[in-house]
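This report refers to the structure that appears directly beneath it.
In my numbering, the protein residues as written are 121 to 307.
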């Protein structure tokens, strides 16, 4: 029985090997982001979303904070009511921002657990640093939009400081690290 005020629907996404991919999540928090950054420094890994065993025990559908934009369905009038995606975001966080606005209006975000949708993400080579820059810029824009200037600046200083510790990783070149840092300071 879906007697809910539904803002949008999505479904589980899988990669080409049928491993669960990021399909939904909790709304980001400054505390959660800092915790993830500390995790990257201390444990040398990243936060993982949901594993396959968790999806097997879920009901037909469930309410979530936000759905990944790769598979997001909503009525056109709902999209228009919220003026669509905020154009200050590019590629990341635009769906999170839209669904956060839906939440404030009492609309539910529902993930359907039965369809199995294959999503081939991250196919563009040589974009890893560019992807990191775009993702982080969008993250900062999300928090800048929702917090006081003072708290935002403290958050930004703290997270950039924590990111400096990850610069020793060989995943990116020194030049890429400097490019990343320069672009983040400019936001």
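C-beta atoms are modelled at their ideal positions from N, C-alpha and C, and glycine is treated no differently.
Of all the options 181, 128 and 261, which has the alpha carbon lying nearest to the alpha carbon of residue 233? 181
Pick out the complete beta strand (DSSP E) segments inside the region 198–285, 3 residues or longer, and give them in chain order. 228–238
Give me the residue from 260, 236 and 237 with the minimum Cα distance to residue 217. Residue nearest to residue 217 within the set 260, 236 and 237 is 260 (criterion: CA-CA distance).
Is the region 124–136 touching the region 225–232, taking contact as three or more C-beta pairs under 8 Å? yes
Close beta carbons around residue 205, own chain, < 8 Å, minus the five adjacent residues each side: Answer for residue 205: 214, 215, 217 and 218, listed in chain order.
Is the region 182–191 touching the region 133–152, taking contact as three or more C-beta pairs under 8 Å? Yes, the region 182–191 touches the region 133–152.
Using only the heavy atoms of the ligand COA, determine whether one of them is closer than 7 Å to the beta carbon of residue 294. Questions concerning the ligand COA fall outside what the structure shown contains, since it holds no ligand whatsoever.
What span of residues does the alpha helix (DSSP H) with residue 296 cover, start to end? Where residue 296 is concerned, the enclosing alpha helix (DSSP H) stretches over 294–306.
Would you check if the distance between the CB atom of residue 134 and the CB atom of residue 297 is smaller than 8 Å? no
Compute the distance between the beta-carbons of residue 162 and residue 279, then report whether it is under 8 Å. no
Taking just the CA atoms, how far does residue 203 sit from residue 197? 10 Å
Measuring straight from C-alpha to C-alpha, what distance separates residue 200 and residue 222? Cα to Cα, the separation comes out at about 12 Å.
Under three-state DSSP, which class holds residue 131? strand
Between residue 211 and residue 256, how many whole angstroms is the CB-CB distance? I'm expecting something under 8 Å. The Cβ separation is near 12 Å, so there is no contact.
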